[in-house]
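Counted from 1, the sequence shown has number 218 at position 218 by UniProt numbering; the numbering is strictly sequential.
Yeah, the Cβ is synthetic: ideal placement off N, Cα and C, and Gly gets one too.
For clarity, every value in this text was computed on a predicted model and none was experimentally measured.
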Amino acid sequence: MEGPSNGGLLYHEVQEAKLCAVHCVNTILQGPFFSEVDLAALASDLDQKERMMMTEVSGGFSGDFLSEGSYNVSMGGDFSIQVLQKALEVWDLQVIPLDSPIAEASKYDPELENAFICHLQDHWFCIRIVNGEWYNFNSLYPAPEHLSKFYLSAYLDSLKGSGWSIFLVRGIFPKECPISASDSANGFGQWLTPDDAKRITMSCNQVQGPTSRDPSTPPTNQSPEEADSIAQQEEQDLRAAIAASLMDFSDFSAKNSGKDDISSSIPLATTTMASSSSASVLAEDDNVVHPDTGANEAEELKDTKFSSSFSHGKDDDNQ
C-alpha cells in the first residue's frame, strides 16, 4: 500500500505581502515550488505573447493596448488566473472553471476532485485533499483548516453564493516535494502534521466557524470553553430548525396526498419545501460545529449562474 505524501505532513504558507497567488499555487502542489519571481517571469512571458498577438491582429496599430501595462501582474504583486494556470501546467495540472460543462458533475459531488482554487477580488486560496482528508489552505489562516467531506460541499456552495470564482484542478499531483527542508525556507512556508494543524487552529478558536465568517478574514481568539459552549448551542439550534422544517414538509404532504386537483403542482411544491427544509446545514468538523451556510439543494437552485471570470485581483492592505 502506498504511503502518505510528504511523510504525512501538510504544507502551508501564511500570508506575506500580497503574494496569495504564490501561496495558492504552492499549497496546491504541497511544497515551495514557486516564488514570486517565478510567477512574475511567467506573467512577463504572457504579457509579451499577448502584445505580439494584438500587434498581429491589429496590423501594427495596438498603441492603446501596449500602453496599458501588464494584465497578468499588478503593481502590488497580484497575479491573474492565467499565471496560475501556466505555473500549474509545468506540473501537467489543468485549471478548469467550475461552471464549465466538463465540470458539471463536480458541482454536485466535489469529492470527485482533488483541489479547488477560490478567488474573489483580491484574494486567492486553495482547498485541497491531502492523504484522504480535505483542508482549507487559506494563507490568512495560521494553519490548514480541516474540512469534513460533508462540510466541503456546503462550504463551496457558500463561497459561490458570496460571489467567489471557483476553479478545479485536475491531473497527477506531485507525490513528494523534491526540495529539501533546508532549501525550502521561504519565510512563510511551514510543514505541519495534521495534529499540529488542528492544535494551531483550535488555539485561535474562532468566534464563528468558517461557514459564516468571510474566507478572506483570519480567525479571532476565543477560549476553548467559550468555543465549546457556542458550538453546543449552535448544534441544538440547528437540529431544532431541521426537525421543524421536516415536520412542516410532512404536514404539507399529508394534507395534499390524494388530491387530484393539485397533483400537477405537487412536484414543484415538494421541490420548494425540500429546499426550505435544507436551509440549515449541520456541519460538524472535528470539535467545531459550524453554523448555517445554506443548503446544497437551495444553493444549487440559486447559484446556477455565478461569476467565474478570469480577471485578476489585487490583495488588499490587510493581507
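Strand pairing of residue i, partner residues [DSSP]
i	result
L147	W134
P97	F167
I129	W134
H123	L120
When the options are compared against residue i, the one with the closest alpha-carbon
i	options	result
A17	L140, Y135, F173, G31	L140
Y11	S203, C204, K175, M202	K175
L9	T193, K198, S203	T193
C20	H146, L39, D78, M53	D78
L147	W124, S165, A197	A197
D38	S5, H23, M52	H23
E104	P144, G132, F167, I117	F167
D47	F33, N72, Q30, E36	N72
Residue environment, residue i, which counts as buried when at least 16 other CB atoms sit within 10 Å
i	result
E113	buried
R128	buried
G189	buried
S158	buried
H108	In the sequence on display, residue 108 carries Tyr and not His. The residue in question, Y108, is exposed, as its Cβ has fewer than 16 Cβ neighbours within 10 Å.
P210	Below a pLDDT of 50, predicted positions are generally treated as unreliable, and P210, at 49, falls in that range; no measurement from the model is reported.
E13	buried
E111	exposed
I102	exposed
First through last residue of the beta strand (DSSP E) which encompasses residue i
i	result
Y11	10-13
A115	115-120
L192	189-192
Cutoff 8 Å: residue i Cβ touching any chain C Cβ
i	result
W134	No chain C appears in the structure shown, which is made up of a single protein chain.
Whole-number beta carbon distance between residue j and residue i, since they are thought to touch under 8 Å
i	j	result
C126	T27	5 Å
I81	H119	7 Å
Boundaries (first-last residue) of the alpha helix (DSSP H) holding residue i
i	result
E89	81-89
S35	Premise fails: S35 is in no alpha helix (DSSP H) and is neither H nor E.
E104	104-108
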